[in-house]
Structures are given as structure tokens and as C-alpha cells.
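Protein sequences, first through last, are from chains A and B. For the first sequence, the working numbering assigns the number 1 to the initial residue and increments by one for each residue that follows. For the second sequence, the working numbering assigns the number 1001 to the initial residue and increments by one for each residue that follows. These notes are about the structure you will find just below.
There are 2 protein chains.
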Amino acid sequence: MISECQSLDMTAWTQTRLARVEQALSQWVGDGAPAGLGDAMRYAVLDGGKRLRPLLVLAAYEAVCSGATASEVHDDAALRAGMDEAALRAGLDEAALRAACAVELIHAYSLVHDDMPCMDNDVLRRGKPTVHVQFGEAQALLAGDALQAFAFELLTPDGSAIPAATQATLCRLLARAAGSAGMAGGQAIDLASVGVALTEDQLRQMHRLKTGALLQGSVLMGAACGHAVGAAYQALSDYGAAMGLAFQVVDDILDVVADSATLGKTAGKDAAADKPTYVSLLGLARAQAYAQELLAEAHEALARSGLPDTRALAALADMVVRRSH
Amino acid sequence: MISECQSLDMTAWTQTRLARVEQALSQWVGDGAPAGLGDAMRYAVLDGGKRLRPLLVLAAYEAVCSGATASEVHDDAALRAGMDEAALRAGLDEAALRAACAVELIHAYSLVHDDMPCMDNDVLRRGKPTVHVQFGEAQALLAGDALQAFAFELLTPDGSAIPAATQATLCRLLARAAGSAGMAGGQAIDLASVGVALTEDQLRQMHRLKTGALLQGSVLMGAACGHAVGAAYQALSDYGAAMGLAFQVVDDILDVVADSATLGKTAGKDAAADKPTYVSLLGLARAQAYAQELLAEAHEALARSGLPDTRALAALADMVVRRSH
């Protein structure tokens, strides 16, 4: 087991993964789409964002694979029988890269739709005009819809080395994380909560769905690409839940303490919209302490996963809590 | 081979399939969703619509299975080895029912988003107020998004008898039919075509994507549930393409000749919006003749499929062309 004290060059780790994800997104997104729609899809996805979700997919995948050979992590006997180690590994790597891009597409589509006038009516995102400002509302609506469909298309390539069971599992995890018992459900609760006094349990449930489900889903999809099972899968799931909730607590804090230029989006929105947040519920100091508690929970989950190298996942959780935007 | 002259009681055939689909949709849609969102999802899907796409899935599935045992149509050797005929058949039947519901969810979500003020701004659908009129625009946007995600969730049940390869294939077919090279792409072309003079080729391409892709996709998904291959699969694909285009030609005709009460939606919309249609391009008489040509093409494709019983598919194509709404 590699101790977390042994340093991982996280900057280098992140740069190589980001380069792969950006290259893949740039190659895939909008390909084959009618011109106007393709432009809006690419605008929504490319050249922006921290790519936290793709990094979580890749970090979880690598954590599961760390130390194992591809044939050890591969549970499809029929496929294993006919393929050598390198081909197997290539199939697993491709699944992880596609999963990384797919979660980012779901995230990007949710931002496009969230920013629309009938939702948050936001004109600024990642320091640029939002998609509906740039392309019109109708094109923004369609681009979001097409990005969601494309996420599932990316997960199910025809004639690839990705086992069918992995493709199906990835679609299942992503659909659940994105849908009415996940992200879309959380947004609906958010919508119904403006001006309403929520209990801490209700606020936690809203955030677990709205933001947490896709962050946790990213971790689970990475774990599924590496065919994690049993205790390791459960520990990664717990890590994803704690880190996902921490993300939203920190988001609530940043909405209060950061300015719009740093955030790349409008600051102070939640209070202006009379939305319940961790800061409005707990106060700033207790919200900050809660984020630290959740970070500790995430680290504990990694420690009990039994996986030999979870340093990238640990560093990503740190980044989630310590970020300034 | 069962001749198409031998009569199929299409009313009874349709009723039994519709009952199954309605029961499944009613059980599944909105389950586990937050109250407001679940209500909007159910409103969008239940109690309305001809369910043409689910019927196409089931008819194609039954055509492929006609005369074959479940183990003959089943290509997953590992699964076949461990299961008896009845269990195999149950898995195939479940896949077809889930696929039937999934295509209807995609269709329903597209109507919800299409009707929104930034798109067609329609207030009447299936004789009822549209979703955004009933629930507000934000909820309509989210309900559409959640319905799309739920379609893929339905196709990937955990621990079911549906082979993983079938689940992955169904997700692939549905994602392609719904996305930027399918339905969403066609809508984007439609959006860009208002007031523009299209050639017949451009109009055909727009309609093949906008409406045709999901109708053809329904046929292909049914065929995939029955593991159709080779010539039969290609013939069903050709049937789907011809029938799908015929659907849109007839839609264009009905927009001119029917009244709003019969249509259950606003008539005369295309001309009012200055949208190119088959009627505006070819005139009414030639558009009607073209619909008949496409119907004949669909029948010819069925005849060369080599499948013993394609009567339900034939009857559905007839219904598409002869419908009054």
C-alpha cells in the first residue's frame, strides 16, 4: 500500500488526464451534428470548467486498477479468454475515458439548461456569455438535450473492446445520477425550495441529489470501469457521497465569500434568490467546519477501501474543499 | 410464411399491447421522483398519445421472434447455457417492453420541450394544456430532462434477465435516434429552416432526423430485442426509414387538411410559422401520392425480410399513412 504521505505530483497527474479528456471532448462533441447545433454543443462543453467529474472518473478507475493486471480486474470470462493483456487494458482505458467525457457532457447540459431564463436566468458562465445568450434559447434547449443523448452514445460504442456488461453498467449509473432520483430531482427540489425554510436533513437531501449524485456517480463509473466489487466499491461510494456533499457546502460558502470575477459566475445569487443554503442554515463558521468534517469522512473512506493507491482521489477531495472558485 | 392476406385482428393485437405499455408506464414513470417533478413527468407521458413508437417496438420484436424459439434468437451463449426456454423468453419480453416504454419517454420529452415558449410556444397538446402551461416552464424543462435520463435507466435494469449486450445495444440505438444525428439534430435543422426555401433533399433529411430517426429507432430496438441479424435486420431498417418518412409527410398533410379538434393540437401551424413542408414544396396532391409511395416501400421491405409474420408491422405502416390525426 502506498501511503498518502508519499507525494503524488498532482499537477502533473492532472495535466496529463486533462489533456486526454480535452482532446477526446474536442474530437467527439458536435461531430456529425448540424452546424448551428454542433457549435452550441461545443461552446457549452469546450474550453472551460475544472473537469472535476472527469478527473474523479479517472482517479477512481486508476485507484481500482492500481497494482492489478487488466485480466485480474476483468470479469468477462468470454472476452478474457480471447484477448491479451494489452488489448484488455486498452478496452478498460477506453471505457474510463468515455465515462469521463460522458459525465462532463451531463454536467455541461445541466448548466446550459440551468442558466436559461425560465430557471436561473444567468448571463455569465465560466466568464463567458451563457449558451442561450450566445445562441438563443431554442438552440440552448436543443444543445442541452443533444448533449444528454450524446453522453449515452459515448458510453455504447459499437465494435469496441469495452465489454457489453461495462457499457450497460455505465449507462445505468449515469442515468440514475442524472435523472429524477439524482441531479434533475435535486434541481426540482431546489426549484420548490425558494423562500422555504428547509431543515438540515431536507437541505442535505436536496444537495445530495442536485450536485452529489453526479459527483458520486463519477466515482462509481470509474470504479465500474475497473470492475471494483465488494468493500472497495462500497468505500468508493462512501467517498463519493462525502466528497459530493462537501462540494455543495463549499459552493454555498463561496457564493457568500467570493466575488463574481473569481467565481466566473454571478456571486451572491443564492441570498438574492432567497434560496436555502448551508450558510443561511448553519452560519458561515459552522458551514466551514462541516466541509472539513466531510473531507475527513472522504479520507476515512479511502483508507478503508483496501486499495493500494488512492492518492489522486484524496487530492481531488482536498481540491474540492480548498478551492476558491 | 403467413401471408398478409390472412387477417390479423389488429384491434385486439393493439389493445393487448397498449394495455401492457400503459400499465408499465403508469407503474414506472415518476416513481421515486420528488412530488412536483414526478407529477409533471406523469402528466407528460400518461393518458395520451397513440403510442405508435411502443407498438413499433413490440411489432418488430414479435416479427423477429415469430416462429423462432427463445434459444434460437438468443445469441448470448453463456446466458443460454444456464437458463431454460421460459426464463429466456421472459428476459426477451422484458427487454421489448422496456424498449417500448423508453422510446415513448424520449418522444414525450421531445414534445414537452418542443411546446415550450422558446420553441413552438404551443398551449395545447393531446387536447390538454401543455406541460409548461400546467406546471410552469422550469418544471417542464426539468421534466423533459428527467424523462430522457429515465429512458436510459429503463433500458439498464440491474439484476434482470436481459443480457448486458442487449441493454448496451438498446442504449446505443436510442441515444443515436434521440441525439444530434437524430431527433435533436432534426429539430435544430427545423429551427434554422423557418422562412428558408429547402430543396426536397434538404426537407427529406430534416424529416428523416426529426421524426424518422426515432420511428426507425423503435423498429430497430424491437429487432435488437429479438436479436435480428443480417438481411432481416436490414429489411426492418428499410421498413423503418420508409414508414418514418411517411409519418412526417402525412403530418405535413394533416396540418393543412385537419382541424385542431381532430388533431388535438393547433392545426395550420406550419404555414403560419412559414415552415417548409411537403405540402408547401410538392403541393397537396403530390404529397399524398408520395405518402402512398413510401407506404409501398415499407411493405416491400417487409416482404423481403424473410420473416414469417410481419402483419402487425404492415398494419402499423397502413395506420401511419391513413390516420386522421
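The beta carbon of each residue, even a glycine, is placed where N, CA and C say it ideally should be.
Where residue i falls, given that 16 or more other Cβ within 10 Å makes a residue buried
| i | result |
| --- | --- |
| E1085 (chain B) | exposed |
| D1309 (chain B) | buried |
| E1293 (chain B) | exposed |
| A1314 (chain B) | buried |
| R322 (chain A) | exposed |
| G1306 (chain B) | exposed |
| V196 (chain A) | exposed |
| Q15 (chain A) | exposed |
| D114 (chain A) | buried |
| A1289 (chain B) | exposed |
| G1230 (chain B) | exposed |
| D1190 (chain B) | buried |
| A1188 (chain B) | buried |
| G1226 (chain B) | buried |
| D1252 (chain B) | buried |
| A138 (chain A) | buried |
| G144 (chain A) | buried |
Sequence-distant residues of its chain with Cβ nearer than 7 Å to residue i (five each side left out)
| i | result |
| --- | --- |
| H972 (chain B) | No answer is possible for residue 972 (chain B): it lies beyond the span of chain B, which begins at 1001 and ends at 1325. |
| A78 (chain A) | Here the model assigns A78 (chain A) a pLDDT of 44, short of 50, so the residue's position is not dependable, and the following value carries that caveat. Nothing meets the Cβ criterion. |
| L1018 (chain B) | R1051 |
| A331 (chain A) | The structure shown does not extend to residue 331 (chain A), since chain A is modelled only from 1 to 325, so the question has no answer here. |
| I1162 (chain B) | G1091, E1094 and A1095 |
| Y233 (chain A) | A223 |
C-beta contact flag for residue i and residue j at 8 Å
| i | j | result |
| --- | --- | --- |
| V1250 (chain B) | V1320 (chain B) | yes |
| A1099 (chain B) | V1057 (chain B) | yes |
| V1112 (chain B) | A1140 (chain B) | yes |
| L92 (chain A) | A312 (chain A) | no |
| V103 (chain A) | A223 (chain A) | no |
| E1153 (chain B) | A175 (chain A) | yes |
| G1185 (chain B) | A33 (chain A) | yes |
| V256 (chain A) | V219 (chain A) | no |
| H299 (chain A) | A317 (chain A) | yes |
| C1118 (chain B) | V1021 (chain B) | no |
| L173 (chain A) | M221 (chain A) | yes |
| A168 (chain A) | A1285 (chain B) | no |
Cβ neighbours of residue i in the same chain (closer than 8 Å, five flanking residues each side left out)
| i | result |
| --- | --- |
| L1142 (chain B) | L1037 and A1040 |
| Q148 (chain A) | L105, I106, Y109 and A178 |
| S160 (chain A) | G91 and E94 |
| N988 (chain B) | Because chain B in this structure spans residues 1001 to 1325, residue 988 (chain B) falls outside the shown range and cannot be described. |
| G1182 (chain B) | R1176, L1209, A1213, L1214 and G1217 |
| L282 (chain A) | E200 and Y290 |
| A1087 (chain B) | A1161 |
Integer-rounded CB distance, given that residue j should sit under 8 Å from residue i
| i | j | result |
| --- | --- | --- |
| A228 (chain A) | A291 (chain A) | Not confirmed; about 27 Å, so no contact. |
| C171 (chain A) | T1156 (chain B) | 5 Å |
| F150 (chain A) | S1066 (chain B) | That belief does not hold up - the Cβ atoms of F150 (chain A) and S1066 (chain B) are roughly 35 Å apart, past 8 Å. |
| A164 (chain A) | A1164 (chain B) | 4 Å |
Beta-carbon contacts of residue i that lie in its chain and below 6 Å, excluding the five residues immediately before and after
| i | result |
| --- | --- |
| R42 (chain A) | V29 and G30 |
| A1301 (chain B) | A1235, D1238 and Y1239 |
| T1166 (chain B) | A1095 |
| L1198 (chain B) | P1276 |
| R304 (chain A) | A235 |
| Q1216 (chain B) | G1240, A1241 and G1244 |
| M1010 (chain B) | A1315 |
| T1130 (chain B) | D1115, D1122 and V1123 |
| E297 (chain A) | A242 |
Any non-hydrogen atom of the ligand MN closer than 7 Å to residue i Cβ
| i | result |
| --- | --- |
| V1112 (chain B) | Looking at this structure, you won't find the ligand MN or any other ligand, since it has none at all. |
| said: Under 8 Å: do the segment 1038-1053 of chain B and the segment 202-209 of chain A share three or more Cβ pairs, one atom per stretch? | reply: no
| Is the number of C-beta pairs between the segment 1131-1140 of chain B and the segment 1023-1033 of chain B that are closer than 8 Å three or more? | Segments in contact, no.
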